[in-house]
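As structure tokens, the structure follows; a few thoughts come after it.
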Amino acid sequence: AIPSVLSLLNEPPLNVLRTSGRDPAEIASGQAILQGTLRVPLIENLQGEDVDFDVRGRLSWVRADTLVQGRVLTPTRVDLHVVPDAIDVSGRAALDGIEGTATWSQVMGPEATGASRVEGVLAITNDNLNQLGVVLPDGFVSGRGVAEFTIDLAVGGGAQLQAVSDLQGLVLAVEPLRWRKPQGTRGLLNLQANLGPDLSIPSLILQANGLDLQGAVSFSDEGQFETLSFSQLSVDDWLNVQGALRSRGPN
21 AIPSVLSLLN
31 EPPLNVLRTS
41 GRDPAEIASG
51 QAILQGTLRV
61 PLIENLQGED
71 VDFDVRGRLS
81 WVRADTLVQG
91 RVLTPTRVDL
101 HVVPDAIDVS
111 GRAALDGIEG
121 TATWSQVMGP
131 EATGASRVEG
141 VLAITNDNLN
151 QLGVVLPDGF
161 VSGRGVAEFT
171 IDLAVGGGAQ
181 LQAVSDLQGL
191 VLAVEPLRWR
201 KPQGTRGLLN
211 LQANLGPDLS
221 IPSLILQANG
231 LDLQGAVSFS
241 DEGQFETLSF
251 SQLSVDDWLN
261 VQGALRSRGP
271 N
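Counting from 21, one number per residue, gives the positions in the sequence shown under our numbering.
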């Protein structure tokens, strides 16, 4: 089982997860099939840096609900690789039910801080955004696009998301501005978000079909869209303003 494997790898002199601040028994559940090599010199006062190892394997039936606070990560076909200076878990995975590909990695060794990172690709759809708790106004997003993302995981549970997309395949519409991005056109989405119970998007850049928006998004405690504040909003040559769009709340 994965908890048993991680607990074993965290025993001296390996101490794989020593700086992570995470309980190896609680990182993930599932099954593991591993093989590897371990080289331990026969010396006195053996230290972790004296040990060399290379462990590889396949994980299955994986569920991780503590890596990203308030989110469930469920890899479906995953490879594990552990060496003295890094641990990597990569393959197909789903974040809150949204399927994609991802790699979780953590630097190890004397200089490690315990922070780790998830990198991958996820599909963008209105339903997927709703799954993440991002509930936008009706009609704002339709179609299907792809975003590359990174999630930086701090010791203690904080999670910072950065996502970038060319918006290909998505239809975007802001009816109050009579603006629309057709499905076959490209653009730029670059956002930074704080994940977890208190969702927020402190930085949002959206550029497409004559629209240039830079701002931030706030949400209610229930994850409902509240306010889009923009330091810049321009559309072609007829609009260039600063301000905010606020939700009218549920009908």
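Virtual Cβ for every residue (Gly too), placed ideally from N, Cα, C.
* Asked: Beta carbon of Asp232, beta carbon of Val255: below 9 Å?
  -> Numbered from 1 along the sequence shown, position 212 holds the residue referred to as residue 232. Numbered from 1 along the sequence shown, position 235 holds the residue referred to as residue 255. Taking 9 Å as the cut-off, the beta carbon of Asp232 is found closer than this to the beta carbon of Val255.
* Can Glu168 and Gly140 be called in contact, C-beta distance under 9 Å? -> Numbered from 1 along the sequence shown, position 148 holds the residue referred to as residue 168. Numbered from 1 along the sequence shown, position 120 holds the residue referred to as residue 140. Cβ distance < 9 Å, so Glu168 and Gly140 count as in contact.
* To do: Please report how far the alpha carbon of Leu149 lies from the alpha carbon of Leu253, in whole angstroms.
  => Counting from 1 along the sequence shown, the entry for residue 149 is found at position 129. Counting from 1 along the sequence shown, the entry for residue 253 is found at position 233. Roughly 23 Å separates the two Cα atoms.
* Can you tell me the Cα-Cα spacing of Arg112 and Leu156, whole angstroms? -> The residue labelled residue 112 in the question sits at position 92 within the sequence shown. The residue labelled residue 156 in the question sits at position 136 within the sequence shown. Each residue's Cα considered, the two are about 27 Å apart.
* Range covered by the beta strand (DSSP E) that runs through Gly58 -> Numbered from 1 along the sequence shown, position 38 holds the residue referred to as residue 58. The identity of residue 58 in the sequence shown is Leu, whereas the question assumes Gly. Where Leu58 is concerned, the enclosing beta strand (DSSP E) stretches over Ser49 to Arg59.
* **Cα-Cα separation, Leu197 to Gln244** => Counting from one through the sequence shown, the residue named residue 197 turns up at place 177. Counting from one through the sequence shown, the residue named residue 244 turns up at place 224. Computed Cα separation, rounded: 21 Å.
* Could you work out which residue in Arg76, Thr96 and Thr133 is closest to Asp108 when comparing CA atoms only? => By one-based count along the sequence shown, residue 108 stands at place 88. The candidate whose alpha carbon is nearest that of Asp108 is Arg76.
* **For Asp158, the three-state DSSP class (helix, strand or coil)** => Here the question's residue 158 lines up with position 138 in the sequence shown. Correct three-state label for Asp158: coil.
* Nearest CA to the CA of Arg257: which residue from Leu209, Leu265 and Trp199? -> The residue labelled residue 257 in the question sits at position 237 within the sequence shown. For the sequence presented, residue 257 should be read as Asp rather than Arg. Measuring C-alpha to C-alpha distances from Asp257 to each of Leu209, Leu265 and Trp199 identifies Trp199 as the nearest.
* To do: Please report the Cβ distance between Leu29 and Val102, rounded to the nearest whole angstrom; I am assuming they are in contact, meaning their Cβ atoms lie under 8 Å.
  => On the sequence shown, position 9 is the one that residue 29 refers to. On the sequence shown, position 82 is the one that residue 102 refers to. Confirmed, about 6 Å.
* Asked: If we ignore side chains and look at the alpha-carbon of each, how far apart do Glu195 and Gly159 end up?
  -> Along the sequence shown, one-based indexing puts residue 195 at 175. Along the sequence shown, one-based indexing puts residue 159 at 139. As the crow flies, the alpha-carbon of Glu195 is around 8 Å from that of Gly159.
* To do: Would you mind stating whether Ala122 and Leu115 have Cβ atoms separated by less than 9 Å?
  => Taking the sequence shown and counting its residues from 1, the one referred to as residue 122 is at position 102. Taking the sequence shown and counting its residues from 1, the one referred to as residue 115 is at position 95. Closer than 9 Å, so yes.
* To do: Would you mind reading off the limits of the alpha helix (DSSP H) that contains Ile63?
  => Translated into positions along the sequence shown, residue 63 becomes position 43. Premise fails: Ile63 is in no alpha helix (DSSP H) and is neither H nor E.
* Asked: Since Leu226 sits in a beta bridge, which residues does DSSP pair it with?
  -> Locating residue 226 in the sequence shown gives position 206, counting from the first residue. Note: Leu226 sits in a beta bridge opposite Leu209 and Leu233.
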